[in-house]
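Respectively, the protein sequence lines represent chains A and B.
According to our numbering, the first sequence is numbered sequentially starting from 49.
According to our numbering, the second sequence is numbered sequentially starting from 49.
No residue lacks a Cβ here, since even glycine has one placed at the ideal position from N, Cα and C.
Protein chains: 2
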Amino acid sequence: MKKYNFNAGPSILPEEVIKQTAEAVLDFQGEGLSILEISHRAKYFQPVVDEAEALMKELLGVPEGYRVIFLGGGASLQFCMVPFNLMGKKAAYLNTGVWSKKALKEAKGLAPVFGAEAIELAASTNSIPMDFEVPQDCDYIHITTNNTIYGTEISERKLQEIYRKKGNVRLVADMSSDILSRPVDVSKYDIIYGGAQKNIAPAGVTFVIIKEECLGHVDRYIPTMLDYRTHIDGGSMFNTPPVLPIYTALLNMRWLKEHGGIKFIDERNQKKADLLYNCIDNSKLFTATIQDKEDRSRMNICFVLKPGYEDLFDEFFKFATSKGMVGIKGHRLVGGFRASCYNAMDVEGVQALVDCIKEFEAMH
Amino acid sequence: MKKYNFNAGPSILPEEVIKQTAEAVLDFQGEGLSILEISHRAKYFQPVVDEAEALMKELLGVPEGYRVIFLGGGASLQFCMVPFNLMGKKAAYLNTGVWSKKALKEAKGLAPVFGAEAIELAASTNSIPMDFEVPQDCDYIHITTNNTIYGTEISERKLQEIYRKKGNVRLVADMSSDILSRPVDVSKYDIIYGGAQKNIAPAGVTFVIIKEECLGHVDRYIPTMLDYRTHIDGGSMFNTPPVLPIYTALLNMRWLKEHGGIKFIDERNQKKADLLYNCIDNSKLFTATIQDKEDRSRMNICFVLKPGYEDLFDEFFKFATSKGMVGIKGHRLVGGFRASCYNAMDVEGVQALVDCIKEFEAMH
């Protein structure tokens with residue numbers, strides 16, 4: 049039976065990327081060695097890192113003055129790396145979910161160590177709050193563009209409003225779960241980072257897009273591995289990088305480019321989201337957890353059973369599983385269901401879930 | 049042509065581990081999903097982490113009170129994690145190579161921040177110096193059991209001497225390049241860590257064996273991701289772990305157990321090292337860079353052309369390459385050649401290199 053992978057991350061990758069990775073595990077580029085056992089210093093691996101950096105820049109239209117690096121440790125390590133590198137006297141966080149809350153927690157933990165303060169601009173898990181001003185004495189503000197758990201995403205209109213509000217304050221964004229799914233004006237940001245295990249790669253690699261100019265302005269010891277300059281100078285190879293995840297990231301970005309890049313995937317992601325939200329909005333059994341359509345995530349679509357129908361949870365879950373749906377159970381903080389529709393999920397996959405919902409409804 | 053992978057790391061893995069990994073990339077345990085796209089929270093991944101932790105404990109005979117965790121970020125991140133978690137007033141480092149020097153550099157960088165000091169016990173790259181005493185007011189001493197670049201390794205006899213010298217001071221060891229290659233009395237250590245890309249796994253995962261009792265004795269803010277307690281409490285899954293590298297680590301440890309565990313591999317590693325060092329010691333063209341036999345690494349065997357024969361470098365390198373030898377160029381700090389003979393390299397592979405050396409000698 050065909051499986052439809054709606055996992056929230058690590059998550060679906062294109063079939064051909066998976067096949068190409070499997071081939072490289074058996075024999076990397078005809079070298080007679082597995083990608084699992086090649087040296088990252090080998091002459092044939094440097095081009096992988098170089099092309100991955102170049103492709104990320106090309107796909108997102110990254111301007112001059114920025115570097116792209118690939119690291120281990122996950123986005124969670126970035127929660128402390130950002131303050132270590134950028135926090136002077138004050139940092140402000142827009143708290144829109146579990147991950148931005150963790151980023152803020154880390155900044156609040158480190159602020160006293162650095163003689164600084166970390167403040168919350170506004171907080172909401174079920175919408176993107178815009179009732180805040182940005183204090184102009186902040187070193188940076190931090191946003192999380194997509195809320196994987198509750199299923200909100202900052203719309204382009206609201207991003208534009210944040211760009212205006214921030215004035216000259218630096219902008220840092222965790223884009224773990226919507227990077228490469230939509231256009232982004234990178235020039236507005238000083239740092240964009242994320243775990244790559246949603247739209248880019250398997251688990252184990254973190255990307256950071258960084259404006260070099262923003263570094264070197266704090267006066268303190270930054271542990272070598274937490275200093276972005278270490279990894280920029282080392283070209284992502286200061287220490288042994290996660291070789292296979294970086295290679296798969298490259299294969300996946302090649303796939304995206306061949307299929308039409310950000311424009312293609314942005315349109316396809318919109319089509320998928322419209323299809324599923326439209327089905328849920330017209331459902332007699334289900335309702336979306338995020339009511340304001342502007343704030344709805346296209347990546348993580350959350351829905352619950354309507355009052356009176358909650359008992360059908362197990363039955364629907366079993367039914368959907370029998371139809372090949374994988375990973376649709378909602379996060380325990382939200383309950384219900386969550387269909388993560390990352391780049392590699394095609395329209396047919398979302399249509400299969402819609403058909404499954406409709407068939408289930410017809411039975412009740 | 050058969051390739052013999054003598055890479056210093058990432059490095060050779062057993063053929064069947066590579067094949068099993070490739071199968072999991074196409075279909076993980078018959079679930080119809082790739083290991084690249086399964087959720088680390090899936091019911092079928094927790095057993096992987098649990099078994100990997102259990103197998104590491106079983107293979108090394110890890111006593112009660114210790115935990116094994118698998119992290120991202122590399123051993124280089126451990127260079128700052130150790131001081132963050134253990135440094136009170138003083139830490140001492142035995143400096144026996146490039147990596148221990150980096151560990152010491154990090155401790156020296158952080159010491160003033162913590163109001164502490166980091167001292168060097170003794171230093172040498174071409175031998176294991178034992179002319180030091182351990183100040184009993186140290187919070188810990190740090191050793192690097194194998195020197196990947198210069199090719200020294202702390203012998204069991206010298207380890208026993210270090211255990212005596214340390215008295216009640218905690219012992220921390222970077223065992224990146226000889227973990228699981230020899231027996232180790234874990235009870236003598238508080239922390240053993242290492243990048244797993246030599247004897248355990250592909251690049252992208254770091255192991256830490258930690259005595260829980262040693263944590264929680266410093267009074268400062270430890271960034272969440274740098275706090276070992278975070279990862280112990282989270283069972284290596286506080287954040288998304290490097291899924292594939294952990295799975296391959298498990299496959300590789302199963303392979304080791306099936307073949308006879310540490311006893312088997314220790315004997316085989318000795319046989320391989322004897323074979324190659326014996327060849328080099330009796331060579332008219334080559335000589336080992338490490339003269340004291342007790343201090344010679346079994347994992348990284350370094351040799352250079354004797355005076356008068358240096359011009360043969362390119363010729364031998366080409367000849368060896370034509371015979372299938374991979375990764376035998378020495379590190380630029382040492383020059384010459386380095387044959388890394390990690391666990392997955394079999395006696396036949398080392399014999400092939402010996403034959404290659406002898407054939408080359410016969411030609412000159």
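Item	Value
Neighbour list for C128 of chain A in chain B, Cβ cutoff strictly below 8 Å	P271, T272, M273 and L274
Span separating the alpha-carbon of E85 of chain B from that of G57 of chain A	8 Å
Own chain residues within Cβ distance below 7 Å of E64 of chain A, not counting five before or after	W303
For T369 of chain B, three-class secondary structure by DSSP	helix
Helix, strand or coil at G397 of chain A [DSSP, three-state]	helix
N133 of chain B versus V220 of chain B - alpha carbon distance	12 Å
Boundaries (first-last residue) of the beta strand (DSSP E) holding D222 of chain B	R218 to D222
Segments of 3+ residues assigned as beta strand (DSSP E) that fall wholly inside the stretch 254-289 of chain B	254-259
Buried/exposed call for P293 of chain B, threshold 16 Cβ in 10 Å	buried
Beta carbon of A123 of chain A nearer than 8 Å to that of G243 of chain A	yes
Interface flag, N149 of chain B vs chain A, CB-CB below 8 Å	Reading off the sequence shown, one finds Lys at residue 149 of chain B, where the question assumed Asn. False, the Cβ-Cβ gap to chain A never drops below 8 Å.
M411 of chain A burial status per 10 Å Cβ neighbour count (16 or more: buried)	exposed
Near-chain B residues of the stretch 149-164 of chain A (beta-carbon distance less than 9 Å), N- to C-terminal order	K150, K153, E154, G157, L158, P160 and V161
Where R380 of chain B falls: helix, strand or coil (DSSP)	coil
Positions along the stretch 229-253 of chain B whose CB lies within less than 7 Å of some CB in chain A	G243, Q245, P250, A251 and G252
K138 of chain A, DSSP secondary structure in three states	strand
Close-in-space but distant-in-sequence residues of the same chain around G6 of chain A (CB under 7 Å, 5 per side omitted)	Residue 6 of chain A lies beyond the range of chain A shown here (49 to 412); nothing can be said about it.
Cβ-based neighbour list, L169 of chain A, same chain, cut-off 6 Å, excluding 5 preceding and 5 following	A140, L142 and F180
Amino acids of chain C, ordered along the chain, whose beta-carbon sits closer than 7 Å to that of A70 of chain A	Within the model displayed, chain C is absent; protein chains A and B are what it includes.
Amino acids of chain B, ordered along the chain, whose beta-carbon sits closer than 7 Å to that of N348 of chain A	Per Cβ cutoff of 7 Å: no residues; N348 of chain A is ~13 Å from chain B at best.
Cα-Cα separation, G199 of chain B to G109 of chain B	27 Å
Cut-off 7 Å between Cβ atoms - residues of its own chain near L353 of chain B, not counting five sequence neighbours on either side	L333, F334, L360, F361 and G384
Span of the beta strand (DSSP E) around A166 of chain B	E165 to A171
Cutoff 7 Å; reference R115 of chain A; Cβ partners in own chain excluding five residues on either side	I258, E260 and I280
Span separating the alpha-carbon of N42 of chain A from that of A368 of chain B	Any answer about residue 42 of chain A is impossible in this case: the structure gives chain A only from 49 up to 412.
Limits of the unbroken beta strand (DSSP E) element including N348 of chain A	N348 to L353
Interface partners of L61 of chain B on chain A, CB under 9 Å	S82, L84 and E85
Distance between V73 of chain B and A70 of chain A (C-alpha atoms, nearest Å)	6 Å
Alpha-carbon to alpha-carbon, N216 of chain A and V291 of chain A	38 Å
Alpha-carbon to alpha-carbon, F286 of chain A and Q17 of chain A	Nothing can be reported for residue 17 of chain A: it is not among the residues displayed for chain A, which extend from 49 to 412.
Cutoff 8 Å: N194 of chain B Cβ touching any chain A Cβ	no
Positions along the stretch 288-300 of chain B whose CB lies within less than 8 Å of some CB in chain A	T288, P289, P290, V291, L292, P293 and T296
Contacts that A387 of chain B makes with chain A (C-beta to C-beta distance below 9 Å)	Per Cβ cutoff of 9 Å: no residues; A387 of chain B is ~14 Å from chain A at best.
Where I117 of chain B meets chain A, residues with beta-carbon distance less than 9 Å	Correct list: empty, because the minimum Cβ distance to chain A is about 14 Å.
Distance, I60 of chain A Cα to A400 of chain A Cα	15 Å
Cross-strand partners of A336 of chain A (DSSP beta bridge)	A:F351
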